[in-house]
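S.K.: Handing you a structure now.
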Amino acid sequence: MTAFQKKLALPVLLLMTLSLVSCAAPAVTPEPQPTVDMPALQTEVAATVIADITQQALAQPAADQVEPTATQPVVATATEAPTPTAIATLAPLPTATKRVVSSGGGAPAPTWTPASSTDQAVLVSNRPADYSYFKGGEAFDGVFTIKNVGRRDWNNRFYVTGTDFQGNKVGPILLSGAAVGDTVEIIVDLTAPDYVEGGKNFHTATFNLYNDDGVSILSFYLIINIEK
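Going by mature numbering (1 follows the signal peptide of the UniProt record, and there is no 0), the letters in the sequence shown line up with residues -24 to -1, 1 to 204, in that order.
This is the structure we're talking about:
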């Protein structure tokens, strides 16, 4: 029992005792006693109890009051922005170069670029045809028909040089000239190489046509097979 409860119990007990005494019937006629004013006594006891309760409440700190805890302010932290990544620059694609193939047989021919658009030529035909068969050591004429498709006539200083099937140099073979749009035949003495058992038995002879400035304006060739 707390001190407050003890203080409260004493006046209540006294009040109850007085009530019991006032209600009991006297067995013996007592001597005359001073008359007690019960309502006034009850009022006084009640006032005392209320005063004690008020003082006890004022003296006792409020147990339920919780002092607020100061809240630490949250400071936003700046996040460092990511470093931008450099974008790789794509290298430009190479420009395609037009491949100019000379007229001639069915096999791949050397490429050529005319130095001047004034002088141009095309191979119209060749005899024998490419991949014809010859016996080893057989001699024959290679006949090449060439057309002037340039913008000026050819004079007699245009010529042909080349390499035969055995790798020997051919020419120079001078042309007699050709007007624009005309054709000219070039005849080359050739000999078929010997047959090689189990070896290479097809061969190529290559040639070039030059103008009077020594500039090649056409490349052409002939391929033959050697039979056993």
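From the three backbone atoms N, C-alpha and C, an ideal C-beta is built for every residue, glycine too. Given the structure is predicted, the values throughout are model-derived calculations rather than measurements.
#1: Of the residues L185, F196 and G157, which one's Cα is nearest the Cα of G126?
#2: Applying the 10 Å Cβ sphere with the 16-neighbour rule, what's the burial state of Y107?
#3: Would you call the CB atoms of Y171 and K145 closer than 8 Å?
#4: Note the first and the last residue of the continuous beta strand (DSSP E) segment covering T94.
#5: If T182 sits next to K123, beta carbons under 8 Å apart, how far is it from one beta carbon to the other, in whole angstroms?
#6: May I ask you to report which of helix, strand or coil DSSP gives A181?
#7: Report yes if the C-beta distance between L151 and F120 is below 8 Å; otherwise report no.
#8: Considering just the uninterrupted stretch of the beta strand (DSSP E) at K123, what are its terminal residues?
#9: Please report the straight-line C-alpha distance between F134 and G112, rounded to a whole angstrom.
#10: Pull up the CB-CB distance for Y202 and N177, whole angstroms please, since I reckon it's below 8 Å.
#11: What is the DSSP secondary structure of K145, counted as helix, strand or coil?
#12: With a Cβ-Cβ cutoff of 8 Å, do D129 and G147 count as a contact?
#13: Taking all protein chains shown into account, do 16 or more other C-beta atoms lie within 10 angstroms of the C-beta of N102, making it buried, or fewer, making it exposed?
#14: The beta strand (DSSP E) that contains K111, what's its start and end?
#15: Could you check the C-alpha separation between F116 and D140 for me, to the nearest Å?
#16: Among H179, N132 and Y197, which one has its Cα closest to the Cα of Q142?
#17: Determine the extent of the beta strand (DSSP E) in which F196 is found, giving its start and end residues.
M.R.: The structure says:
#1: Answer by Cα proximity: G157.
#2: Taking all protein chains shown into account, Y107 has fewer than 16 neighbouring C-beta atoms within 10 Å of its C-beta and is therefore exposed.
#3: No, the pair does not count as a contact, with Cβ atoms beyond the cut-off.
#4: No residue range can be given for T94, since it is assigned to no beta strand (DSSP E) and is classified by DSSP as neither H nor E.
#5: Taking C-beta atoms under 8 Å as the contact rule, T182 and K123 fail to qualify, at a distance of about 19 Å.
#6: Taken through DSSP and simplified to helix, strand or coil, A181 comes out as strand.
#7: Not a contact, by the Cβ cut-off of 8 Å.
#8: Bounds of the beta strand (DSSP E) holding K123 are A115 to N124.
#9: Cα to Cα, F134 sits roughly 33 Å from G112.
#10: Per the sequence shown, residue 202 should be read as Ile rather than Tyr. Right, their Cβ atoms sit about 4 Å apart.
#11: K145 falls in the strand class under three-state DSSP.
#12: Between D129 and G147, the CB-CB gap reaches or exceeds 8 Å.
#13: That one is buried.
#14: Note, K111: beta strand (DSSP E), S108 to K111.
#15: In a straight line, the C-alpha of F116 is about 12 Å away from that of D140.
#16: When C-alpha distances from Q142 are compared across H179, N132 and Y197, the shortest belongs to H179.
#17: For F196, the enclosing beta strand (DSSP E) has its first and last residue at S192 to E203.
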